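*Asks:* Take this structure, written in structure tokens, and hold onto it; I'll ask about it next.
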Ligand SMILES: Cc1ncc(C[n+]2csc(CCOP(=O)(O)OP(=O)(O)O)c2C)c(N)n1
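In our numbering, the protein residues as written are 156 to 719.
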């Protein structure tokens with residue numbers, strides 16, 4: 156019986172599960188794991204980060220662009236607490252991310268060893284699956300369970316706590332094997348029940364104006380073509396949540412854009428208001444998307460497809476709930492519709508006209524602001540420039556604050572699929588720079604833009620050392636407005652402009668980037684924005700553009716609670 160130590164077994168289990176990249180940061184309790192990574196020939200690249208939070212966000216965005224499980228790791232105690240934000244974000248965004256924390260030895264538990272922390276309890280409410288390994292022989296089974304949990308049903312994050320001594324103990328090498336289908340998510344898909352699909356098809360052909368509202372589930376399950384087929388056959392407008400952006404190409408004549416309180420505008424709200432039937436797909440119908448359950452209204456017929464049964468019917472009385480994978484269920488729904496389309500109600504409205512009207516209104520107002528030569532530079536001008544200058548195969552990663560609503564509402568990716576990433580579960584500041592790195596590593600040929608607020612930049616700027624060291628050709632844009640603008644705008648809208656503790660001083664972000672060895676530009680004159688972005692895109696390496704921007708409370712941000 157050939158033997159292998161726990162750390163070696165763990166490395167082999169990751170390799171056998173198709174892992175190619177690990178994002179993480181070293182620590183004392185991780186030494187045997189690092190030693191196994193150093194000694195074994197496994198074909199995995201370890202990306203050393205400067206903060207475990209970044210490692211987690213890199214793994215998250217990597218998973219979103221590749222459909223593979225993202226892997227991050229950090230050491231016991233402080234490392235375990237810092238890895239946590241990304242695992243909770245991924246879990247609630249249905250993204251498969253494995254967090255590995257090393258831990259004090261099993262034999263030192265309770266004896267006040269440095270860094271001791273109940274890591275399993277810490278992660279328990281925040282991950283889909285979570286364990287502490289006590290014996291080396293448990294390693295293969297634990298890793299297999301983690302990959303099964305992350306990739307099946309509603310995907311999510313998992314955490315494995317790996318004590319120091321367990322990494323050095325031996326186990327039987329024959330136990331080290333993996334189920335290959337769990338390298339990607341969603342795995343082992345299931346389709347909704349045929350009778351529910353038939354009932355939904357009946358409702359759809361009877362509707363006057365069915366509107367489809369998609370969450371992140373369409374892009375996650377690779378159902379963009381099936382969705383387009385459904386929308387086209389019904390001439391139904393498709394709207395999305397912020398996370399659902401990419402369900403349909405942004406310039407598709409049936410794409411009504413993002414709806415809801417972050418990225419939605421009155422014109423897009425109008426599409427939902429006109430619907431007599433709403434089909435939610437891969438979407439929780441939460442407070443942001445529905446503007447606190449106002450749109451759609453209570454009298455709208457609701458159909459819902461989601462692979463999480465708890466989501467269906469949670470917020471709306473639902474006429475037909477379909478629990479299943481979005482791709483398989485949409486394919487079955489398209490088939491069920493084919494034979495019924497001829498009998499479609501005579502009063503059906505062509506959604507093309509509804510979408511065209513909303514787009515004209517929304518983008519008409521946007522273009523006026525985008526062409527403004529006022530200073531400080533308006534966020535509309537930055538988004539418009541990127542819409543014109545980015546190559547089709549691009550990904551924008553947006554932080555909270557100015558970037559999220561602006562890019563949600565106005566960024567126009569010409570293809571369906573994952574071209575936009577933002578952390579909508581918790582919206583923690585300091586996401587985009589690290590997530591941009593993960594997206595760039597996952598999709599090396601894409602142009603990846605990290606759009607940051609200056610508040611977010613302050614959380615994460617140390618990661619520019621990683622970007623420079625690894626020569627990640629990320630294009631970074633900082634909306635420099637020296638304020639926590641989102642909060643200041645909310646103080647303006649809801650608290651009679653009683654501004655309190657939201658302003659901070661301006662940082663010269665370009666000089667900070669230069670100190671890390673990163674090429675940087677500062678742009679103050681709106682007329683020079685295009686040439687600066689072109690130069691940044693042409694540069695073969697990481698670049699940062701510091702844009703001196705309008706403060707959010709002075710801007711016409713697409714945020715419904717501020718627009719009335
Ligand atoms: C970790 C974390 N702390 C606090 C918040 C609350 N918050 C949401 S938006 C925002 C302000 C963002 O400021 P900045 O990044 O400068 O962007 P701006 O809104 O000015 O464009 C804050 C503090 C948060 N989302 N995340």
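Ideal placement from N, C-alpha and C gives every residue a C-beta, glycine not left out. All values reported here derive from a predicted model rather than from experimental measurement.
May I ask you to report which of helix, strand or coil DSSP gives residue 410?
*Replies:* Looking at residue 410 - three-state DSSP - the assignment turns out to be strand.
*Asks:* Which residue marks the beginning of the alpha helix (DSSP H) containing residue 188, and which one marks its end?
*Replies:* It spans 186-194 - the alpha helix (DSSP H) in which residue 188 sits, taken as one unbroken run.
*Asks:* Just list the beta strand (DSSP E) runs in the region 172-243, keeping only unbroken ones of 3 residues or longer that don't cross its boundaries, in chain order.
*Replies:* Listed in chain order, the complete beta strand (DSSP E) runs (minimum 3 residues) inside the region 172-243 are 176-179, 200-203, 225-229.
*Asks:* Around the C-beta of residue 533, are 16 or more other C-beta atoms found within 10 angstroms, so that it is buried, or is it exposed?
*Replies:* Buried.
*Asks:* List the residues that DSSP assigns as beta-bridge partners of residue 674.
*Replies:* DSSP lists 698 as partners of residue 674.
*Asks:* Suppose you measure from the CA of residue 383 to the CA of residue 296; what does that come to, to the nearest Å?
*Replies:* Rounded to whole angstroms, residue 383 to residue 296 spans 40 Å at the Cα level.
*Asks:* Output the boundary residues of the alpha helix (DSSP H) element that contains residue 512.
*Replies:* Start and end: 506-525.
*Asks:* Measuring CB to CB, does residue 637 end up less than 9 Å from residue 662?
*Replies:* Yes; because the gap between Cβ atoms is below 9 Å, this pair is in contact.
*Asks:* If you run the structure through DSSP and keep just helix, strand and coil, what is residue 645?
*Replies:* Of the three classes helix, strand and coil, the one that applies to residue 645 here is helix, per DSSP.
*Asks:* Excluding the 5 residues flanking residue 320 on each side, which residues of the same chain have their C-beta closer than 7 Å to its C-beta?
*Replies:* Closer than 7 Å at Cβ, skipping near neighbours: 260, 261, 262.
*Asks:* Below 8 Å on the Cβ atoms is my guess for residue 492 versus residue 345; work out the distance and round it to an integer in Å.
*Replies:* Actually they do not touch by this definition, with Cβ atoms about 20 Å apart.
*Asks:* Based on Cα-Cα distance, which residue from 233, 643, 618 lies nearest to residue 699?
*Replies:* It is 618 whose Cα lies nearest to the Cα of residue 699.
*Asks:* Distance, Cα to Cα, residue 537 vs residue 423?
*Replies:* So the two alpha carbons sit approximately 22 Å from each other.
*Asks:* Measuring alpha carbon to alpha carbon, tell me which of 592, 557, 571, 567 ends up nearest residue 582.
*Replies:* Among 592, 557, 571, 567, the Cα nearest to that of residue 582 is on 557.
*Asks:* Relative to the C-alpha of residue 429, which candidate in 385, 365, 407 has its C-alpha closest?
*Replies:* It is 365.
*Asks:* Got a sec, what are the start and stop residues for the beta strand (DSSP E) residue 284 sits in?
*Replies:* Residues 284-287.
*Asks:* Have a look at the DSSP bridge pairing and note the partners of residue 252.
*Replies:* Residue 252 is bridged to 225, 312.
*Asks:* Got a sec: does ligand 1 put a non-hydrogen atom nearer than 8 Å to the Cβ of residue 245?
*Replies:* No, since every heavy atom of ligand 1 falls outside the 8 Å radius drawn around the Cβ of residue 245.
*Asks:* Could you check the C-alpha separation between residue 502 and residue 476 for me, to the nearest Å?
*Replies:* One C-alpha to the other measures close to 25 Å.
*Asks:* CA-CA distance, residue 555 and residue 421?
*Replies:* Going from the Cα of residue 555 to the Cα of residue 421 covers about 21 Å.
*Asks:* Whole angstroms are fine: how far does the CA of residue 214 sit from the CA of residue 590?
*Replies:* Taking the straight line joining both Cα atoms gives about 8 Å.
*Asks:* Would you mind listing the beta strand (DSSP E) stretches within the region 581-662 that are 3+ residues and don't spill past its ends, in chain order?
*Replies:* List check, beta strand (DSSP E) in window: 602-608, 630-635.
*Asks:* If you count every other CB in all the chains shown that lies within 10 Å of the CB of residue 650, and 16 or more means buried, which is it?
*Replies:* By the 10 Å Cβ count, residue 650 comes out exposed.
*Asks:* Could you give the C-beta distance for residue 218 and residue 250, rounded to a whole number, given that I count them as a contact under 8 Å?
*Replies:* Going by Cβ atoms, the distance from residue 218 to residue 250 rounds to 5 Å, so yes, they are a contact pair.
*Asks:* To the nearest whole angstrom, what separates the beta carbons of residue 610 and residue 654, a pair I think is in contact under 8 Å?
*Replies:* Not a contact, Cβ separation roughly 15 Å.
*Asks:* Are the beta-carbon atoms belonging to residue 731 and residue 460 less than 9 Å from one another?
*Replies:* In the structure as shown, the chain starts at 156 and stops at 719, and residue 731 therefore has no counterpart that could be examined.
*Asks:* Tell me which residue opens and which closes the alpha helix (DSSP H) that residue 562 is part of.
*Replies:* Residue 562 -> alpha helix (DSSP H) spans 558-565.
*Asks:* Helix, strand or coil for residue 325, going by three-state DSSP, please let me know.
*Replies:* Looking at residue 325 - three-state DSSP - the assignment turns out to be strand.
*Asks:* When DSSP labels each residue in this structure, what does residue 452 get in the three-state scheme?
*Replies:* Coil, per DSSP.
*Asks:* Please confirm whether residue 282 and residue 243 have their CB atoms less than 9 Å apart.
*Replies:* Against a cut-off of 9 Å, the Cβ pair of residue 243 and residue 282 comes out as a contact.
*Asks:* Work out the CA separation of residue 177 and residue 232 for me, nearest whole Å.
*Replies:* Taking the straight line joining both Cα atoms gives about 20 Å.
*Asks:* Indicate, with yes or no, if ligand 1 has a heavy atom lying under 8 Å from the CB of residue 611.
*Replies:* Yes, since a heavy atom of ligand 1 falls inside the 8 Å radius drawn around the Cβ of residue 611.
*Asks:* Report yes or no: do three or more beta-carbon pairs, one from the region 562-574 and one from the region 401-418, lie closer than 8 Å?
*Replies:* Output reads yes: the region 401-418 touches the region 562-574.
*Asks:* Would residue 409 be called buried (16 or more neighbouring beta carbons within 10 Å of its own) or exposed?
*Replies:* Buried, by the Cβ-count rule.
*Asks:* Could you name the residues that DSSP lists as bridge partners for residue 257?
*Replies:* For residue 257, which the question treats as bridged, DSSP gives the partners 317.
*Asks:* Taking Cβ to Cβ, would you say residue 170 is nearer than 9 Å to residue 406?
*Replies:* Going by C-beta atoms, residue 170 is not nearer than 9 Å to residue 406.
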